[in-house]
Amino acid sequence: MTQSPGQGQALDNLLTESRTFPPSDEFAAQANAQPELYEEAKADREAFWAKQAERLHWDTKWTQVLDWSDAPFAKWFVGGKLNVAYNCVDRHVESGHGDQVAIHWEGEPGDSRAITYGELQREVSKAANALTSLGIGAEDRVAIYMPMIPEAIFAMLACARVGAMHSVVFGGFSAEALRTRIEDSSCKLVITTDGQYRRGNPAPLKPAVDEAVAGAPSVEKVIVVKRTDTEVAWTDKDVWWHELVDSQSDQHTPEAFDAEHPLFILYTSGTTGKPKGILHTSGGYLTQASYTHHNVFDLKPDTDVYWCTADIGWVTGHSYIVYGPLSNRVTQVVYEGTPNTPNEGRHWDIVQKYGVSIYYTAPTLIRTFMKWGADIPAKYDLSSLRVLGSVGEPINPEAWIWYRENIGGGKAPIVDTWWQTETGAIMISPLPGVVSTKPGSAQRPLPGIGAKVVNDEGVEVPHGGGGYLVLDEPWPSMLRGIWGDEERYRDTYWSRFADQGFYFAGDGAKYDDDGDIWLLGRVDDVMNVSGHRISTTEVESALVSHPTVAEAAVVGASDATTGQGIVAFVILRGGAGSDAGGADAIKALRDHVAKEIGPIAKPRQIMVVPELPKTRSGKIMRRLLRDVAENRAVGDVTTLADSSVMDLISAGLQSGK
Ligand code: WTA
């Protein structure tokens, strides 16, 4: 098992900031979460979760809170029935909030649209009728490959409404990445757009779908939303959204589905080249998404304006743009574009324009804002902000303090939320108004959640000690498996601490002297680049699929802005030609990775080397390559099959070869 470079970084941070920030009396008094929540959950965990499930509308009440008899496959709220979309939309209209704005949508070019709950209900109903007209029903898989436009949210909710499973694929992924995901879960339908706005310009999107669908015979239809008015090629599977959906009735009666009815699949990188289709179901997922959103962000539906800056292509967009917030009758901002279009003040302009009060983003973006300078947010009125959130990677205390001072006016509590695609919803986070926050630490498991730091033997470490993060109790929004691969599910998460029955998260962690948890980065071969999980193997496979590359090894090296940056070491093929290591050839390799996986997986740096460091059993020692990538003295080489390899690599790099 390799040690993540995040560990050293986080420990440095630990030494530089020791202040804590208690909630103000004023905030504490009005907070949704009160200290008793911890006691209540501890007294009777299942009763606690049953109470949280009452936040939702159930057509049929459950008979059993948790069935863990078939562990690690959980069943929550057994026998209960509900419709997830009804819970996110219709019930708010029925309770008299049809005129409340659900979504303040802000397009990148400056167009905008306010969508009330009444309108959302009509749009989702029309889309649901459209799905039915195409023969899409319960448990069919629908791929959604779209930018951040309202139709993406309508499409997700329409799937939920008819019991179909969506598989949202990030719009920045390549045609090949889309194809493999469509194929893995045999999607019948793809919903996409003609193009998307990116950094001020329209970029085509549909050509990637055409390419993917040509190699994915399961796809029967493609619905295309017109967003950029770009000319597109047309096939007989294609149908325009505005022709199909707009002509449908805006009345639709939702059907109640079992609490364990599948809701969605979301692919995430694992330690092998093949992404894992993480499966989530309905009742437990929505319960925890709703409960955490209410308590961690302190949402007041009548007065708050919430904004989560994630993309729906990631789990944060699923749980904290769509399901959690809408189930809580949020008024939220959804922004289509990049943070520096038309200028670096775009986010603060949006905060000011809509009076955003809760803002949830990723450390990589906070560090980018830092780089752009505090004078940019200082030009805007950010006084509406009262809660700030962070997710995706450890936040270094320096960025935390900058966020608090320059965005939160020195007073808004910051919630550093740890969770994963697999956990479905937030697991570890301070509760604002209850917990004194601590820069850099996600602190403690939420009420109802069991998390621990353990050593190699699965024994909890003492305060001050470090090890692995595990989850020692099943939780409502836990994944229900990996699509089509039961064995991989057991192996990946449940075999490491099988004796104890712990879920292995793949993250290193430590307790500080107060017993607060600090996340220290991945302990497996998964990189975290700008909060996105990318496996080293996936990038390596992309590189070796290029004709000039014989062998490749990829590491995540620490990066001041993106957390980790991808650094690749490649051995070229004998016949690759003398120019194969030149700047043009390196650029071609980087572009090749972008084409195979997507631009987010482009290596920051590619180094051509004569050999790779391997153990006697042939395993690449990434630890040593990471030393090179991070410009450190190379560590212990005694387990290498050939200990001179590192000298060869270093010598070659120094001479610029
Ligand atoms: C990392 C994103 C430290 C972690 C919701 C985890 C974090 C992986 C934090 C999941 C945090 C997420 N502090 N690390 N607050 N939040 N991570 O599936 O390594 O895209 O295992 O889910 O991101 O990434 P995923």
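Residue numbering for the sequence shown follows my numbering, beginning at -5 and increasing consecutively. For every residue, glycine included, the Cβ atom is placed at its ideal position computed from N, Cα and C. Since the model is a prediction, treat every value here as computed from it, not as a measurement.
What whole-angstrom Cβ distance do residue i and residue j have, given they're in contact under 8 Å?
i, j, result
"tyrosine 317", "cysteine 153", "Between cysteine 153 and tyrosine 317 the Cβ distance is about 12 Å, and since that is not below 8 Å, they are no contact."
"lysine 45", "glycine 74", "Rounded, the Cβ-Cβ distance is 14 Å, inconsistent with contact."
"valine 639", "glutamate 605", "5 Å"
"aspartate 369", "lysine 432", "No, aspartate 369 and lysine 432 are not in contact; Cβ-Cβ is about 28 Å, not under 8 Å."
"isoleucine 130", "valine 95", "Wrong, their Cβ atoms sit about 29 Å apart, outside the cutoff."
"glycine 402", "leucine 379", "6 Å"
"glycine 461", "valine 447", "5 Å"
"threonine 358", "glycine 525", "6 Å"
"isoleucine 344", "valine 328", "With a Cβ gap of about 10 Å, isoleucine 344 and valine 328 do not count as contacting."
"valine 549", "leucine 619", "5 Å"
Have a look at the options and flag the residue whose alpha-carbon is nearest the alpha-carbon of residue i.
i, options, result
"aspartate 178", "Asp508, Thr262 and Glu330", "Thr262"
"alanine 35", "Ser430, Gly442 and Ala132", "Gly442"
"valine 136", "Leu183, Phe563 and Ser284", "Leu183"
"lysine 365", "Gly386, Glu392 and Leu382", "Glu392"
"serine 127", "Asp64, Gly592 and Val239", "Val239"
"lysine 596", "Thr609, Val523, Ser644 and Asp621", "Val523"
"aspartate 466", "Gly478, Pro439 and His246", "Pro439"
"isoleucine 591", "Glu117, Asp19, Asn195 and Ala202", "Ala202"
"leucine 280", "Pro29, Ala645 and Leu151", "Leu151"
"leucine 167", "Tyr314, Thr531, Tyr487 and Gly307", "This sequence places phenylalanine at residue 167; leucine is not what is there. When only C-alpha atoms are compared, the closest one is Gly307."
"aspartate 450", "Pro66, Asp479, Gly418 and Ser489", "Ser489"
"tyrosine 314", "Ile528, His255, Asn123 and Ala419", "Ala419"
"glycine 444", "Tyr32, Ala23, Asp508 and Pro16", "Tyr32"
"alanine 250", "Leu125, Asn77, Thr417 and Leu320", "Asn77"
"alanine 197", "Glu225, Ile528 and Ala47", "Glu225"
"glutamate 11", "Asp93, Trp394, Thr303 and Met421", "Trp394"
"glutamine 242", "Asp506, Ser119 and Asp621", "Ser119"
"alanine 244", "Ala547, Phe148, Asn625 and Gln346", "For the record, residue 244 in the displayed sequence is aspartate; it is not alanine. When each option's Cα is compared against that of aspartate 244, the closest is Phe148."
"arginine 661", "Asp134, Ile360 and Thr332", "Residue coverage of the chain in this structure runs from -5 to 651, which leaves residue 661 outside it and unanswerable."
"lysine 220", "Tyr505, Tyr191 and Asp493", "Tyr191"
"aspartate 252", "Trp70, Leu642, Asp507 and Phe563", "Trp70"
"tryptophan 413", "Phe498, Tyr374 and Leu60", "Phe498"
"glycine 339", "Cys302, Asp375 and Val455", "Asp375"
"arginine 616", "Gly478, Thr247, Asp19 and Thr530", "Thr530"
"leucine 172", "Ala206, Gly194, Cys181 and Ser180", "Ala206"
Give a yes or no on whether the C-beta atoms belonging to residue i and residue j are separated by under 8 Å.
i, j, result
"lysine 270", "isoleucine 476", "yes"
"aspartate 410", "alanine 436", "yes"
"glycine 495", "valine 517", "no"
"tryptophan 469", "glutamine 599", "no"
"valine 381", "isoleucine 352", "yes"
"threonine 174", "tyrosine 139", "no"
"threonine 355", "serine 384", "yes"
"threonine 229", "aspartate 188", "no"
"arginine 323", "histidine 51", "no"
"proline 144", "glycine 165", "no"
"leucine 199", "proline 388", "no"
"alanine 27", "asparagine 289", "yes"
"methionine 159", "proline 29", "no"
"serine 430", "threonine 110", "no"
"leucine 634", "valine 602", "no"
"threonine 415", "leucine 273", "no"
"alanine 47", "glycine 277", "yes"
"glycine 112", "aspartate 93", "yes"
"proline 211", "arginine 484", "no"
Residues whose Cβ lies closer than 7 Å to any heavy atom of the ligand WTA, in chain order
Thr262, Trp308, Val309, Thr310, Ser384, Val385, Gly386, Glu387, Pro388, Ile389, Asp410, Thr411, Trp412, Trp413, Gln414, Thr415, Glu416, Ala436, Ala499, Gly500, Asp501, Leu513, Gly515, Arg516, Asn522, Gly525, His526 and Arg527
In chain order, what are the residue ranges of uninterrupted alpha helix (DSSP H) at least 4 long that sit wholly in the segment 343 to 392?
357 to 366 and 369 to 372
Whole runs of the beta strand (DSSP E) within the segment 292 to 325, excluding any shorter than 3 residues:
300 to 302
Going along the chain, which unbroken runs of the alpha helix (DSSP H) with 4 or more residues stay wholly within the segment 232 to 286?
235 to 238
Could you pull out every unbroken alpha helix (DSSP H) segment of at least 4 residues lying fully inside the segment 494 to 550, listed in chain order?
You should have 530 to 538.
Could you give the uninterrupted runs of the alpha helix (DSSP H) lying entirely in the segment 29 to 92, keeping only those of 4 residues or more?
30 to 37, 39 to 47 and 78 to 82
Beta strand (DSSP E) runs contained entirely in the segment 194 to 219, provided each spans 3 or more residues:
195 to 198 and 215 to 219
Within the segment 90 to 144, ranges of the alpha helix (DSSP H) (whole runs, at least 4 residues)
111 to 127
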